Structure formats: structure tokens, C-alpha cells
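**Student:** Have a look at the structure that comes next, please.
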Amino acid sequence: AAASSSAPAEPSRAELVRTVFDALVPSGGSGGGVGEKEMWRFAVFTGFDGTESEWAEEFQMICKDAGGVAALDFPTFARLVDDEGEGGCFSETAELRSMAAQLTGRP
Numbered sequence: 211a212a213a214s215s216s217a218p219a220e221p222s223r224a225e226l227v228r229t230v231f232d233a234l235v236p237s238g239g240s241g242g243g244v245g246e247k248e249m250w251r252f253a254v255f256t257g258f259d260g261t262e263s264e265w266a267e268e269f270q271m272i273c274k275d276a277g278g279v280a281a282l283d284f285p286t287f288a289r290l291v292d293d294e295g296e297g298g299c300f301s302e303t304a305e306l307r308s309m310a311a312q313l314t315g316r317p
């Protein structure tokens with residue numbers, strides 16, 4: 211049986227990752243990438259409890275691992291969000307849904 215079409219479909223994980231990324235990118239900002247300050251918001255939301263200076267060091271390592279970039283493009287951000295290893299920033303789909311709602315002001 212088909213689900214009732216009255217309720218909007220839940221966004222896919224990929225859609226949520228894109229929504230969060232787009233919400234983090236500063237308007238008119240760093241060439242469509244997410245910089246240190248924007249990723250700090252993401253990191254704190256996902257449980258990073260270090261200081262801003264500790265985050266600055268962490269972000270530099272992330273950028274170095276991404277090929278020496280200054281800001282993260284969408285493919286790099288998506289890889290980080292899906293990476294459950296030491297160098298990743300894995301986020302559960304529920305976390306992404308909550309973050310997307312908070313960042314966009316939409317449920």
C-alpha cells in the first residue's frame with residue numbers, strides 16, 4: 211500500500227547533507243565553500259567540545275587532508291559527514307535532519 215501523500219516525504223540523507231551545506235555557506239562567501247567559522251557551527255552541533263582555537267587546528271588538518279584547500283566544497287563536506295573514521299565528522303541522519311531544521315528555520 212502506498213503511503214498517504216498528504217504528509218511530505220522525509221528528505222533523503224543526501225538531500226539533508228546538501229541542505230545543511232547550503233545553509234552553512236555564507237551568502238556571497240568563500241566561493242561556494244564552507245570555511246572555518248561556518249564549520250565551527252557544524253562541529254559544535256555534532257558534539258565538538260573543544261575551544262575555537264582547537265577547532266582552528268582541527269579545521270586546518272581537515273583542509274590539509276582535503277588537498278590544502280581553504281574552504282570545503284560540497285563533495286568534501288559530504289565525504290566528511292559520511293566518514294565514521296578518525297578524520298571524519300560523521301553525522302547520523304537524525305542529527306542532519308535536526309541541524310537542517312535549525313539552520314533553515316524550517317521543520
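Start counting the sequence shown at 211; every next residue gets the next number (our numbering).
All C-beta atoms in this analysis are idealised placements derived from N, C-alpha and C, irrespective of residue type, glycine included.
Since the structure is predicted, the reported quantities are computational estimates derived from the model, not experimental observations.
Have a look at the DSSP bridge pairing and note the partners of Val244.
**Tutor:** DSSP, once it has assigned bridges, lists Leu282 as partnering Val244.
**Student:** Assign Phe300 to one of two classes, buried (16 or more other C-beta atoms within 10 Å of its C-beta) or exposed (fewer than that).
**Tutor:** Classification of Phe300: exposed, given that the 10 Å Cβ count is below 16.
**Student:** Measure the C-alpha to C-alpha separation of Gly245 and Ala276 and round it to an integer number of angstroms.
**Tutor:** C-alpha separation (whole angstroms): 13 Å.
**Student:** Quick check on the DSSP output: the alpha helix (DSSP H) that includes Phe258 runs from which residue to which?
**Tutor:** Careful: Phe258 lies outside any alpha helix (DSSP H) and carries neither H nor E.
**Student:** Can you give me the Cβ contacts of Gly243 inside the same chain, cut-off strictly under 6 Å, excluding the 5 residues immediately before and after it?
**Tutor:** Excluding residues within five positions, the ones whose Cβ falls inside 6 Å are Ala281, Leu282, Asp283.
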